[in-house]
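Chains as they are written, first to last, in my numbering: chain E, 275 to 528; chain C, 275 to 528.
Input: a single structure, listed below in structure tokens.
Protein chains: 2
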Amino acid sequence: SSYSTSSSSSSKLLFRQLFEKESSTYTYLLADISQPDRPALLIDPVDKTVDRDLNVIKELGLKLVYAMNTHVHADHVTGTGLIKSKVPGVKSIISKESGSKADLHVEHGDKVSFGDLFLEVRATPGHTLGCVTYVTGDGPDQPQPRMAFTGDALLIRGCGRTDFQGGSSTQLYKSVHSQIFTLPKDTLLYPAHDYRGFTVSTVGEEMQYNPRLTKDEETFKSIMENLNLSYPKMMDVAVPANMVCGMQDLHSKA
Amino acid sequence: SSYSTSSSSSSKLLFRQLFEKESSTYTYLLADISQPDRPALLIDPVDKTVDRDLNVIKELGLKLVYAMNTHVHADHVTGTGLIKSKVPGVKSIISKESGSKADLHVEHGDKVSFGDLFLEVRATPGHTLGCVTYVTGDGPDQPQPRMAFTGDALLIRGCGRTDFQGGSSTQLYKSVHSQIFTLPKDTLLYPAHDYRGFTVSTVGEEMQYNPRLTKDEETFKSIMENLNLSYPKMMDVAVPANMVCGMQDLHSKA
Ligand SMILES: [Fe+2]
Ligand SMILES: [Fe+2]
Numbered sequence: 275s276s277y278s279t280s281s282s283s284s285s286k287l288l289f290r291q292l293f294e295k296e297s298s299t300y301t302y303l304l305a306d307i308s309q310p311d312r313p314a315l316l317i318d319p320v321d322k323t324v325d326r327d328l329n330v331i332k333e334l335g336l337k338l339v340y341a342m343n344t345h346v347h348a349d350h351v352t353g354t355g356l357i358k359s360k361v362p363g364v365k366s367i368i369s370k371e372s373g374s375k376a377d378l379h380v381e382h383g384d385k386v387s388f389g390d391l392f393l394e395v396r397a398t399p400g401h402t403l404g405c406v407t408y409v410t411g412d413g414p415d416q417p418q419p420r421m422a423f424t425g426d427a428l429l430i431r432g433c434g435r436t437d438f439q440g441g442s443s444t445q446l447y448k449s450v451h452s453q454i455f456t457l458p459k460d461t462l463l464y465p466a467h468d469y470r471g472f473t474v475s476t477v478g479e480e481m482q483y484n485p486r487l488t489k490d491e492e493t494f495k496s497i498m499e500n501l502n503l504s505y506p507k508m509m510d511v512a513v514p515a516n517m518v519c520g521m522q523d524l525h526s527k528a
Numbered sequence: 275s276s277y278s279t280s281s282s283s284s285s286k287l288l289f290r291q292l293f294e295k296e297s298s299t300y301t302y303l304l305a306d307i308s309q310p311d312r313p314a315l316l317i318d319p320v321d322k323t324v325d326r327d328l329n330v331i332k333e334l335g336l337k338l339v340y341a342m343n344t345h346v347h348a349d350h351v352t353g354t355g356l357i358k359s360k361v362p363g364v365k366s367i368i369s370k371e372s373g374s375k376a377d378l379h380v381e382h383g384d385k386v387s388f389g390d391l392f393l394e395v396r397a398t399p400g401h402t403l404g405c406v407t408y409v410t411g412d413g414p415d416q417p418q419p420r421m422a423f424t425g426d427a428l429l430i431r432g433c434g435r436t437d438f439q440g441g442s443s444t445q446l447y448k449s450v451h452s453q454i455f456t457l458p459k460d461t462l463l464y465p466a467h468d469y470r471g472f473t474v475s476t477v478g479e480e481m482q483y484n485p486r487l488t489k490d491e492e493t494f495k496s497i498m499e500n501l502n503l504s505y506p507k508m509m510d511v512a513v514p515a516n517m518v519c520g521m522q523d524l525h526s527k528a
């Protein structure tokens, strides 16, 4: 079937998936290496792995331009603040809807460009009110198949919880079906987390096998209402820090 | 520079990288999806994640043909025995030099075919005597850039230890330089383990930044002799099991 594809490729794109074991978070590095300055961006960097990420960026000869978040994380502290303190000129990006501080706020339909490549911003609220999915561009020079960085809106065979931070199962159901499942079936899905060792999925796969999102809306809502999840360990540290894009310590130390 | 590339692609190849957290092991799934029966193979499956792997293989509509190991692992029990008991017809593969039992033994220069795609076997002893690196084929229909599954011979910015299982730092140095560093610089390197959250590297990157293999042979040998590593926790369980390709429990239960 058509949804079983290989990794995404583009002669311009350098792509790296990076894992932080403690919170099972994926950070993504994308760069346009067809440009002389090799502009790069990081999606969902983690504070604990900032030095690893900046080191590989340096080794690969990339120029980091943006440090972006898909949403205000409750399970780890974003690396954006630390990155900004270590690499002058890097701009932090998060959605306007998140209510979080950042250098640049994006909204549904915006484009984030790095060299000739770009990410399209799709509002996918439901896990949090300000969740967005970043999708690689649609065009001849853009990666094929397309790649979607879904944050916690859609996980591999799962999805993020909807019981705090302005979450709503009704909204999440609508977001995934209208903004992610409408992408080409071979679109590669890269979530913010995976707890079972999967690294990637596709739209076609999740449309067929996601145990939650393949259900009708009422069943989905009932699944989400009955998860009985515990309060996230990191919540009281991570959320206040992430609302200022990881700049809290840097401010208080200044 | 030319070694900074995107992920490998081929219209025929389905590729998945899978992670086992406890032993930080990567298992690789490759399939030729241009063929009606979608023949697939697994490299370095782990016993604990066999059900996960077989389930995704089923969901993707693949036919598992081979369960292969790069070497006799000392840190985890191979999944090949369990896979063979659960999926009749799957053949286990390991190098002849390993001295381990398997359905098929491969040697340097052999090809392992699945559909129109194939892996080339390169002997890369040094971590163990029987270590091999599996490299995707060189040809018009084969993945570009090429992909090398290095086991523990070459890790991202590191390499496997050489102090037991017939290991030899002299041999490992020679193996990496003659069999891996001679591949095209954009060849994607997929190791059996990573402990810091990296998922992939390239030949060019390791030739420039590997802290051990970039040194001259004498320095490399001295580094390897002074690692002061502890005895692997799983060694006494894993090695006997892996010498029979994970068939030990199945035999004793039979
Ligand atoms: Fe989240
Ligand atoms: Fe090993």
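Virtual Cβ for every residue (Gly too), placed ideally from N, Cα, C.
Who are the near neighbours of Lys385(E) in its chain, counting only those whose CB is closer than 8 Å to its CB and skipping five residues on each side? Correct list, in chain order: Phe392, Leu393, Glu394, Val395, Gly411.
For a quick check, are the C-beta atoms of Gly389(C) and Asp327(C) less than 9 Å apart? Going by C-beta atoms, Gly389(C) is not nearer than 9 Å to Asp327(C).
Quick one, which of Asn500(C), Gly432(C), Met421(C) has its alpha-carbon nearest Arg486(C)'s? For Arg486(C), the nearest C-alpha among the options comes from Gly432(C).
Does the CB of Met508(C) have a neighbour CB from chain E at under 9 Å? Not an interface residue.
Does the beta-carbon of Asn484(C) have 16 or more other beta-carbons within 10 angstroms, so that it is buried, or is it exposed? Flag for Asn484(C) reads buried.
Along chain C, in chain order, which residues have C-beta atoms closer than 8 Å to that of Leu292(E)? The answer, in chain order, is Gly471, Phe472, Thr473.
Ligand 2 and Thr424(C): does the residue's C-beta get closer than 8 Å to at least one heavy atom of that ligand? Remark: the shortest separation between the CB of Thr424(C) and any heavy atom of ligand 2 does not fall under 8 Å.
Determine whether the Cβ of Arg326(C) lies closer than 9 Å to any Cβ atom of chain E. In terms of beta-carbon proximity, Arg326(C) lines the interface with chain E, with at least one pair separated by less than 9 Å.
Tell me whether the beta-carbon of Asp318(C) lies closer than 9 Å to the beta-carbon of Tyr300(C). Yes, the pair counts as a contact, with Cβ atoms nearer than the cut-off.
Measuring from the CB of Thr235(C), is there a heavy atom of ligand 2 at a distance below 8 Å? Look at the range of chain C in this structure, 275 to 528, and you will see that residue 235(C) is not part of it.
Buried or exposed: Gly413(C), going by 16 or more other Cβ atoms within 10 Å of its Cβ? In this structure Gly413(C) is exposed. Its beta-carbon is surrounded by fewer than 16 other beta-carbon atoms within 10 angstroms.
If you pair each beta-carbon of the stretch 452-465 of chain C with each one of the stretch 423-432 of chain C, do three or more pairs fall below 8 Å? The stretch 452-465 of chain C, when compared against the stretch 423-432 of chain C, does touch it at the 8 Å Cβ threshold.
Test: Thr354(E) CB closer than 9 Å to a CB of chain C: Not closer than 9 Å to any Cβ of chain C, the Cβ of Thr354(E) fails to qualify, so no.
Give the interface partners of Thr323(C) over in chain E, defined as CB-CB distance under 9 Å, in chain order. Arg470, Gly471, listed in chain order.
If you draw a straight line from the alpha carbon of Arg534(E) to that of Thr473(E), how long is it in whole angstroms? Here chain E comprises residues numbered 275 to 528, so residue 534(E) is not present and cannot be evaluated.
Answer with yes or no whether the minimum CB distance from Glu333(C) to chain E is below 9 Å. Output row for Glu333(C): interface = yes.
Interface positions of the stretch 476-507 of chain C facing chain E (Cβ-Cβ less than 9 Å), listed along the chain: Of all residues in the stretch 476-507 of chain C, Glu479, Gln482, Tyr483 have a Cβ within less than 9 Å of some Cβ in chain E.
Burial state of Lys358(E) (16 or more Cβ within 10 Å): Buried is the call here.
Exposed or buried, which one is Gln445(E) when buried takes at least 16 other CB atoms within 10 Å? Its Cβ being crowded by 16 or more others within 10 Å, Gln445(E) is buried.
Counting only C-beta atoms, is Val330(C) closer than 9 Å to chain E at any point? So, interface residue.
Interface residues of chain E around Lys370(C) at Cβ under 9 Å? Near Lys370(C) there are no residues of chain E at all, since even the closest Cβ is about 30 Å away, more than 9 Å.
Do we get a CB-CB distance below 9 Å when we pair Lys459(E) with the residues of chain C? No Cβ of chain C is located within less than 9 Å of the beta carbon of Lys459(E).
If you draw a straight line from the alpha carbon of Thr476(C) to that of Thr461(C), how long is it in whole angstroms? Answer to the nearest angstrom: the Cα atoms are 5 Å apart.
If you follow the beta strand (DSSP E) that Ile368(C) is in, where does it begin and where does it stop? Segment 365-369, the beta strand (DSSP E) holding Ile368(C).
Identify, in the order they occur along the chain, each residue of the same chain with its Cβ nearer than 8 Å to the Cβ of Asp510(E), setting aside the five sequence neighbours on each side. Excluding its 5 nearest sequence neighbours in each direction, Asp510(E) has no C-beta neighbour in its own chain below 8 Å.
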